[in-house]
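**Student:** In this text, residue positions in the sequence shown follow our numbering: the first is -14, and each later residue adds one.
The structure follows.
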Amino acid sequence: MTALAWQWAKGVSSPIIGGTKAAYLEDAAKAFAVTLTDDDIAYLEEPYIPHRIVGAVDHNLADGVMLLDEKK
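Quick look at the structure:
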């Protein structure tokens, strides 16, 4: 719903919603009732900044490098 409300707030009048089920259309209709403030829209449009990787791989791998499970 939020994504559709954001699109309508930005002036998109005919978004593609992939309505393959009645529930999807009902959810899309509910988005008309959502009102986004300027702060809400600014938050949704902030660039995504990925979080630091934590775990077995603690750094981004070089381009083209894939990790494979190796059974011994």
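All C-beta atoms, glycine included, are put in the ideal place defined by N, C-alpha and C.
Given the structure is predicted, the values throughout are model-derived calculations rather than measurements.
Should M(-14) and D23 be called a contact, given that it needs their Cβ atoms to be closer than 8 Å?
**Tutor:** Here residue -14 is taken as the residue at index 1 of the sequence shown, counted from 1. Here residue 23 is taken as the residue at index 38 of the sequence shown, counted from 1. No.
**Student:** Here's the rule: buried if 16 or more other CB atoms are within 10 angstroms of the residue's CB, otherwise exposed. What is A14?
**Tutor:** Residue mapping note: residue 14 aligns to position 29 of the sequence shown, counting from 1. Exposed, by the Cβ-count rule.
**Student:** Check the Cβ-Cβ distances between A47 and every residue of chain D, and say whether any is below 8 Å.
**Tutor:** Here there is only one protein chain, and chain D is not present.
**Student:** Can you tell me the Cα-Cα spacing of I26 and G(-4), whole angstroms?
**Tutor:** Working through the sequence shown from its first residue, we reach residue 26 at position 41. Working through the sequence shown from its first residue, we reach residue -4 at position 11. The alpha-carbon atoms of I26 and G(-4) are separated by roughly 12 Å.
**Student:** Could you work out which residue in K6, Y28, L(-11) and A7 is closest to S(-1) when comparing CA atoms only?
**Tutor:** Along the sequence shown, one-based indexing puts residue -1 at 14. Taking S(-1) as reference, the option from K6, Y28, L(-11) and A7 with the minimal CA-CA separation is L(-11).
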